Amino acid sequence: MIRPIRNEDVEAYVALRREALVNEPMSFASSVDDDFVSDPAVVREQIRKTPDTVIIGAFHGGLVGVVGLYRDRHDKMAHKTHIWGMYVTPAHRRQGIARALIDAALDHARSMAGVALVHLSVSSETPAARKLYESSGFTIGGDEPDAIRHEGRSASELHMALDLKDGYDRSSSIAGSKGARSDGSSRS
Numbered sequence: 089m090i091r092p093i094r095n096e097d098v099e100a101y102v103a104l105r106r107e108a109l110v111n112e113p114m115s116f117a118s119s120v121d122d123d124f125v126s127d128p129a130v131v132r133e134q135i136r137k138t139p140d141t142v143i144i145g146a147f148h149g150g151l152v153g154v155v156g157l158y159r160d161r162h163d164k165m166a167h168k169t170h171i172w173g174m175y176v177t178p179a180h181r182r183q184g185i186a187r188a189l190i191d192a193a194l195d196h197a198r199s200m201a202g203v204a205l206v207h208l209s210v211s212s213e214t215p216a217a218r219k220l221y222e223s224s225g226f227t228i229g230g231d232e233p234d235a236i237r238h239e240g241r242s243a244s245e246l247h248m249a250l251d252l253k254d255g256y257d258r259s260s261s262i263a264g265s266k267g268a269r270s271d272g273s274s275r276s
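The numbering of the sequence shown is our numbering, which starts it at 89 and goes up by one.
Have a look at this one:
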């Protein structure tokens, strides 16, 4: 099942976020030591900001994947949203869960009045994530070399965008999971 996380999901989200930062350090700008979204109080505050901020979870016997989306807070930039924090546990990859999460995030962005663009950044260390985003209609707008450094390694960050007017449309709504399959697999 794909749905926004709720207060009762916060502890599971914090644990999954920590797992993501430990297992995939080159995929995230945050580290375990400086990640503000690993604080349950911060997560609860993010949940209260819906619909301008949402954290969407994939549930399969527990929380197995997440993605975040937030609207830019500046009035002149409120036509843009940003996807962040995409992660699916290794045991649940290659099952369509990441596709279902990105589709739900895009559906949510489309439901927000005045939103025209969705932005995200993806590490050069995650070609499968890049392929997922490109298959959803995102295009690369820039490449930031040496954006992430961890334990002597460096990765570029690709900045991608999707114009909702022109982008790939998988219209459905996450509010009630209309169109989302309960097994977390992708919709066709």
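Note that CB positions come from ideal geometry on N, CA and C, so glycine has one too.
Keep in mind it's a predicted model, so treat the numbers as computed, not measured.
{"Check": "Given this structure, state the Cα-to-Cα distance separating V131 from V98, to the nearest angstrom.", "Outcome": "7 Å"}
{"Check": "What does DSSP give as the partner residue(s) for S153 in the beta ladder?", "Outcome": "Correcting the residue type first, residue 153 is Gly in the shown sequence and not Ser. G153 is bridged to A146, V176."}
{"Check": "Would you check if the distance between the CB atom of H71 and the CB atom of V142 is smaller than 7 Å?", "Outcome": "The displayed coordinates of the chain run from 89 to 276. Any statement about residue 71 would go beyond what the structure contains."}
{"Check": "For E213, which residues does DSSP report across the bridge?", "Outcome": "Beta-bridge pairing links E213 to no other residue."}
{"Check": "Rounded to whole angstroms, what's the CA-CA distance from S211 to S244? Just pull it up for me.", "Outcome": "6 Å"}
{"Check": "Report yes if the C-beta distance between H162 and G202 is below 7 Å; otherwise report no.", "Outcome": "no"}
{"Check": "Need the endpoints of the beta strand (DSSP E) that S242 sits in, please.", "Outcome": "241 to 251"}
{"Check": "Going by DSSP, what residue range makes up the alpha helix (DSSP H) through I90?", "Outcome": "Here I90 belongs to no alpha helix (DSSP H); instead the beta strand (DSSP E) covers 90 to 92."}
{"Check": "Could you please give the first and the last residue of the uninterrupted beta strand (DSSP E) stretch that includes A235?", "Outcome": "227 to 238"}
{"Check": "Give the secondary structure of V206 by DSSP, where H, G and I count as helix, E and B as strand, and everything else as coil.", "Outcome": "strand"}
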